[in-house]
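In my numbering, the protein residues as written are 391 to 527.
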């Protein structure tokens with residue numbers, strides 16, 4: 391964006407992020423809570439599988455023997471999934487309040503060359519429209 395602002399200092403370019411679908415936000419919230427419960431169980435050494443009448447899987451036994459590593463793995467893996475759920479990667483670019491690019495509509499990011507071309511075309515069209523419109527005296 392800095393390169394665009396240097397090339398076009400008189401225009402206002404805005405990019406806006408969009409929230410993910412509510413389902414993904416709920417999943418991310420659940421994972422955040424679940425992560426804390428699992429880390430808590432690892433730290434205090436409680437076996438939730440015994441409460442359910444099940445034998446603890448090997449990964450749980452390993453986690454009890456390697457609490458620090460297990461907590462770090464749960465934390466980072468859960469955060470990775472939560473971030474994936476919360477990130478849409480979608481945004482809008484507007485030029486002087488006129489939408490010129492939408493990742494939601496196009497499904498992709500514009501290259502710098504595409505963006506410069508879009509901005510130049512939009513600016514030429516604005517200049518052309520200004521010359522066609524009658525001026526008030």
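Using N, Cα and C, we set each Cβ at its ideal position, and we do this for glycine too.
Straight-line gap, residue i to residue j (C-alpha atoms, nearest Å)
{"i": "residue 527", "j": "residue 483", "result": "For residue 527, the predicted structure reports a pLDDT of 45, less than 50, and the residue's modelled location is therefore unreliable. A value from the coordinates is still provided. Taking the straight line from one Cα to the other gives about 35 angstroms."}
{"i": "residue 408", "j": "residue 425", "result": "25 angstroms"}
{"i": "residue 499", "j": "residue 429", "result": "38 angstroms"}
{"i": "residue 396", "j": "residue 492", "result": "22 angstroms"}
Distance CB(residue i)-CB(residue j) smaller than 8 angstroms
{"i": "residue 418", "j": "residue 472", "result": "yes"}
{"i": "residue 453", "j": "residue 432", "result": "yes"}
{"i": "residue 412", "j": "residue 475", "result": "no"}
Simplified DSSP assignment, three categories, for residue i
{"i": "residue 412", "result": "helix"}
Terminal residues of the alpha helix (DSSP H) in which residue i lies
{"i": "residue 496", "result": "493-496"}
May I have a chain-ordered list of the alpha helix (DSSP H) segments no shorter than 4 residues that lie completely inside the region 426-487? 438-441, 448-455, 457-476
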